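Encoded as structure tokens, the structure appears first; notes follow it.
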Amino acid sequence: MIAEERLDQITEVVRRAGLNAETIGALREAFADIHFTHCSDDDIGVSKPVRAADGFNLYLVDGREHCLVLTDDPANATGVVLAEVEEED
Numbered sequence: 001m002i003a004e005e006r007l008d009q010i011t012e013v014v015r016r017a018g019l020n021a022e023t024i025g026a027l028r029e030a031f032a033d034i035h036f037t038h039c040s041d042d043d044i045g046v047s048k049p050v051r052a053a054d055g056f057n058l059y060l061v062d063g064r065e066h067c068l069v070l071t072d073d074p075a076n077a078t079g080v081v082l083a084e085v086e087e088e089d
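Start counting the sequence shown at 1; every next residue gets the next number (UniProt numbering).
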């Protein structure tokens, strides 16, 4: 389970610091019980993010079963995907 307040904190950290390797490292330290993944939003497909901000979307991962799947339910979430959104020209 990942509390809504933690999702808000994670979103605010990325909003302020930007989505980069240093920010991901800091999040991993601050929230050691949550697995973080960084990728391009294009890699996600059709899932809807649980949080969206300028430059990135936040998705939740459910890792309770053998395969990892995206979820929109924080009660079942075990990880976070921070997906970088490319600006369209």
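Just so it is clear, CB atoms sit at the ideal spot from N, CA and C, and this is done for glycine as well.
In this text the structure is predicted, and so the values were computed from the model without any measurement.
Own chain, CB closer than 7 Å to residue i, minus 5 neighbours either side, in chain order
| i | result |
| --- | --- |
| Ala77 | Met1, Ile2, Leu60, Val61, Asp62 and Thr71 |
Burial state of residue i, where buried means 16 or more other Cβ atoms lie within 10 Å
| i | result |
| --- | --- |
| Arg64 | exposed |
| Asn57 | buried |
| Asp41 | buried |
| Arg51 | buried |
Close Cβ partners of residue i (< 6 Å) along its chain, the five nearest in sequence each way excluded
| i | result |
| --- | --- |
| His38 | Ile24 and Leu82 |
| Leu68 | Val61 |
Extent of the continuous alpha helix (DSSP H) to which residue i belongs
| i | result |
| --- | --- |
| Ala83 | Careful: Ala83 lies outside any alpha helix (DSSP H), inside the beta strand (DSSP E) at Gly79 to Glu84. |
| Leu7 | Glu4 to Ala17 |
Supposed close pair residue i, residue j - CB separation, criterion 8 Å
| i | j | result |
| --- | --- | --- |
| Gly55 | Leu19 | 6 Å |
| Arg6 | Phe31 | 7 Å |
| Ile34 | Gly79 | 6 Å |
Cut-off 8 Å between Cβ atoms - residues of its own chain near residue i, not counting five sequence neighbours on either side
| i | result |
| --- | --- |
| Ala26 | Val13 and Ala17 |
Which parts of the UniProt domain "DUF6129" (26–73) are runs of the beta strand (DSSP E), unbroken and 3 residues or longer, counting only runs that do not cross its ends? 35–40, 51–53, 56–62 and 69–71
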